[in-house]
Amino acid sequence: MKTLTFLARSGPYGSSKAKALLDMVLSAAVFEQKIQYIFLDDGVYQLLAGQDPALLAAKNVSAALPALELYGVDQVYLDLDSLQARGLSTDQLLIPASTCSAGDISKMIAESDMVFSL
Amino acid sequence: MIISLVIHGAPGTTQGAQTALTFCRAALAADHRIYRVFFYEDGVHNANALSVWPQDEYDLNAAWATLVREHELDAVVCVASALRRGVLNAEEASRYEKTGVSVDPAFDISGLGQWVDACLNSDRVVSFGV
Amino acid sequence: MSTLHIVNKSPFRTDALQRCLALVSPGDSILLIEDGVLAANLSTLADSLAGRDVNCYALSEDLVARSVSVADTCIWTVDAAGFVTLVCEHRNSLSHG
């Protein structure tokens, strides 16, 4: 089993990056790898509850988040500094995520076989 | 070492696909094994055989196809990314009733499972064009 | 065990380099490629690397193409073959988007 770390750093809808990384995470989960899914920078916006992109003719990127646990993706982290820098708080989020710091993320990267950032 | 590449960028739009090609050549020259080159998102445009480049410009599409053939590389285009961008083989064109085939036959069209497989079977995976 | 951080964006356009600097650990390396090499002639980069046990490299093909020179002796230049060597010498690589 390999440890794959995913850094979700882009907001939803402005580009396909959020969806592209989520698809990688779900594919890796099917192969039962150890996955660390970390939301930081603008990626924290992906976790906000209440997203409604219907007027953009876009799919709701956050809709798949509650299913992550079913896929075996149980290590979901959130960079607290990124959240606070954007004036957000954890009670606005759709799913529970463990808060972490840049130092924690550095440690997780160091323990990974492969790292992907979008 | 066993190395795989993931390419996110389209040729001519960002530099990533060219950087990846140069890296791939250098890795092969140093006798490393390229397990797979996986083209994802806009990276699938590198596999479009219908691209026509001006004669005084470097044809990156042709360069990739040539490198893949010369070294018999396993070059895989993500199917979900490819279909959206009109990069189709005969099978997909027929399935979705499209009139043209655009992917260079040097490339296979397959799913993200091939990317996971590359992660499992490579010592290093390097992403380009993110 | 360490990470090769690859930065391909201009420090004047995105904060990719700053975010990279926030995540590097001692023993890691940073490789500037593509528009990322525009940071290579900044003395501020050398300042932020001082005393951190982080090696910094810039891809020579990209420096030459852009006529950018390396400001400080703490930034090493590598060619494509050196890029491959760096990938092999580190446990993993992280391409900062």
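Protein chains in written order, with this note's numbering: chain A, 1 to 118; chain B, 1001 to 1130; chain C, 2001 to 2097.
Positions of the beta carbon are idealized from the N, C-alpha and C atoms, including for glycine.
Interface annotation, S1102 (chain B): not in contact with chain A, CB-CB separation never under 8 Å. Boundaries cannot be given for M1001 (chain B), as no alpha helix (DSSP H) includes it and DSSP labels it neither H nor E. By the Cβ neighbour-count rule, D1031 (chain B) is exposed, with fewer than 16 other Cβ atoms within 10 Å of its own. For A20 (chain A), none of the residues of chain C pass the 8 Å Cβ criterion, the least Cβ distance being about 11 Å. The residue from C:A2040, C:P2026, C:I2006, C:S2048 with its alpha-carbon nearest to that of V2068 (chain C) is C:A2040. With a beta-carbon spacing of about 4 Å, S27 (chain A) and L1112 (chain B) fall inside the 8 Å limit used to define contacts. Straight through space, the alpha carbons of A29 (chain A) and V73 (chain A) are spaced by roughly 7 Å. Taken atom to atom, the span from the alpha-carbon of L55 (chain A) to that of I2030 (chain C) is near 41 Å.
Cβ proximity to chain B below 9 Å picks out I2033, E2034, D2035, L2059 from the region 2031-2060 of chain C. Flagged as an interface residue toward chain C: S117 (chain A), by a C-beta distance shorter than 8 Å. Taking C-beta atoms under 8 Å as the contact rule, E1041 (chain B) and S16 (chain A) qualify, at a distance of about 6 Å.
Between L2004 (chain C) and H2090 (chain C), the gap from beta carbon to beta carbon is short of 8 Å. DSSP lists C:I2030, C:I2075 as the bridge partner or partners of C2056 (chain C). Those residues of the region 38-60 of chain A placed with their C-beta closer than 7 Å to a C-beta in chain C are D41, ordered along the chain. The region 1099-1118 of chain B makes no contact with the region 93-110 of chain A, as fewer than three CB pairs between them are under 8 Å.
Selection A:E111, A:Q33, A:S10 evaluated against L48 (chain A) yields A:S10 as nearest (Cα-Cα).
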